[in-house]
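Q: Attaching a single structure in structure tokens format; questions to follow.
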């Protein structure tokens with residue numbers, strides 16, 4: 001399973017794969033990033049950790065969504 005992170009940047013938000021040097025997607029707002037993330041994750045098997053502005057983890061989502069354990073938040 002691939003692991004991604006949604007993290008804040010100086011210019012907005014990014015979706016970046018663990019170990020990558022360049023983001024897969026960029027957006028000005030977190031809301032826009034989450035919309036782009038959903039489109040990007042279609043057909044992928046991956047985990048996404050969504051961070052808060054301070055860098056802490058807000059939630060984790062598993063794709064495809066049916067693979068997300070019901071007991072996990074997000």
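Residue numbers (UniProt numbering): 1 to 74.
We treat Cβ as the ideally placed atom computed from N, Cα and C, and that holds for glycine.
This structure is a prediction, so every number in the text was calculated from the model and none was measured.
1) Under a three-way DSSP split, which group does residue 44 fall into?
2) So is residue 15 buried or exposed if we call it buried at 16+ other beta carbons inside 10 Å?
3) Can you look up residue 59 in the DSSP assignment and give me helix, strand or coil?
4) How about residue 24 and residue 31: are their beta carbons less than 8 Å apart?
5) Grab me the residues of residue 48's own chain with a C-beta within less than 6 Å of its C-beta, minus the 5 sequence neighbours each way, in chain order.
6) In angstroms, rounded to a whole number, what distance separates the CA positions of residue 33 and residue 53?
7) State the DSSP-derived secondary structure class of residue 52, mapped to helix, strand or coil.
A: In terms of the structure at hand:
1) coil
2) buried
3) strand
4) no
5) 4, 61
6) 13 Å
7) coil
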